[in-house]
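Novice:
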Amino acid sequence: MGAKIYEGTSIGTVCKIGGEVDASIIHGFSNKQHEGFLGHAYLGEWVNLGADTNNSDLKNNYSSVKVHIDGKMVDSGSLFAGLFMGDHAKSGINTMFNTGTVVGVMSNVFGAGYPAKFIPSFTWGGAESSETYALDKALEVARRAMTRRKQNLTPVQEAILRHVFEITRSERAVS
0 MGAKIYEGTS
10 IGTVCKIGGE
20 VDASIIHGFS
30 NKQHEGFLGH
40 AYLGEWVNLG
50 ADTNNSDLKN
60 NYSSVKVHID
70 GKMVDSGSLF
80 AGLFMGDHAK
90 SGINTMFNTG
100 TVVGVMSNVF
110 GAGYPAKFIP
120 SFTWGGAESS
130 ETYALDKALE
140 VARRAMTRRK
150 QNLTPVQEAI
160 LRHVFEITRS
170 ERAVS
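If you read the sequence shown in numbering that gives the first Met the number 0, its first letter stands for residue 0, the second for the next number, and so on.
(1) Quick check: the Cα distance between Gly35 and Ile68, rounded to an integer number of angstroms?
(2) Taking C-beta to C-beta, are Thr122 and Lys58 nearer than 7 Å?
(3) Residue range of the beta strand (DSSP E) that Glu130 falls in?
(4) Buried or exposed: where does Val102 fall if 16 or more other Cβ atoms within 10 Å of its Cβ makes it buried?
(5) Quick one: is Ser29 near chain C, going by C-beta distance under 7 Å?
(6) Closest to Ala115 by C-alpha separation, out of Thr94, Val13, Lys15, would be which residue?
(7) Taking all protein chains shown into account, do 16 or more other C-beta atoms lie within 10 angstroms of the C-beta of Thr52, making it buried, or fewer, making it exposed?
(8) Could you check where the beta strand (DSSP E) with Thr122 kicks off and where it finishes?
(9) Can you name the start and end residues of the alpha helix (DSSP H) that His162 belongs to?
(10) Can you tell me which of the three DSSP states Asp175 falls into?
(11) Can you give me the start and stop residues for the beta strand (DSSP E) that Val34 sits inside?
(12) Return the bridge partner residues of Tyr41 from the DSSP annotation.
(13) If you pair each beta-carbon of the segment 127–137 with each one of the segment 146–158, do three or more pairs fall below 8 Å?
(14) Along the chain, where does the beta strand (DSSP E) that runs through Lys185 open and close?
(15) Nearest to Phe79 by CA position, among Ala50, Ser129, Ser23, is which residue?
(16) Quick check: Leu37 and Ser29, are their CB atoms within less than 7 Å of each other?
(17) Helix, strand or coil, according to DSSP, for Val140 in the structure here?
(18) What is the DSSP secondary structure of Glu225, counted as helix, strand or coil?
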């Protein structure tokens with residue numbers, strides 16, 4: 000495994016990093032082990048990017064990037080903004096994320112084409128279709144991933160994830 004890691008990158012504990020990473024924050028226990036570009040991105044804990052996942056961090060017209068915040072597209076004022084991905088989110092092999100894409104907690108994104116620029120928490124799918132990721136299935140995947148690293152999903156962590164599932168229900172209904 001080899002990686003090109005550029006200035007401005009911060010990598011948390013027990014991460015597996017490969018490919019090209021520029022000016023990004025990657026929290027603990029997250030994996031970007033394979034080829035692909037991650038730039039000006041923010042990954043929560045326990046994120047896994049499938050092989051050859053790529054994100055754009057600069058628009059072709061060099062205008063500032065708009066990012067989804069609280070139900071609105073907000074101008075970031077920056078020319079560079081990549082992928083923002085919540086805890087326990089995953090991408091499948093060859094997933095492509097557009098500039099300024101936001102992926103919620105526990106989402107699993109896969110398939111051909113560019114997915115939406117906002118993917119609510121607990122979403123299962125990609126550009127072609129998506130549905131709510133069943134809470135019990137999502138929690139089971141989190142437990143399996145954590146067990147691989149000799150960690151456990153604590154009752155407090157599970158309660159937080161259950162709460163996030165409930166408070167983001169309306170976002171999934173709209174997307």
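We treat Cβ as the ideally placed atom computed from N, Cα and C, and that holds for glycine.
Specialist: Well, looking at it:
(1) 26 Å
(2) no
(3) 129–131
(4) buried
(5) Absent from the structure is chain C; it holds one protein chain and no more.
(6) Thr94
(7) buried
(8) 122–124
(9) 154–166
(10) There is no way to answer for residue 175, as the model of the chain reaches only from 0 to 174.
(11) The sequence as given places Glu at residue 34; Val does not occur at that position. Run containing Glu34: none; DSSP gives neither H nor E here.
(12) Ile24, Phe83
(13) no
(14) The structure shown has nothing for residue 185, since the chain only spans 0 to 174.
(15) Ser23
(16) no
(17) helix
(18) With the chain covering only 0 through 174, there is no way to say anything about residue 225.
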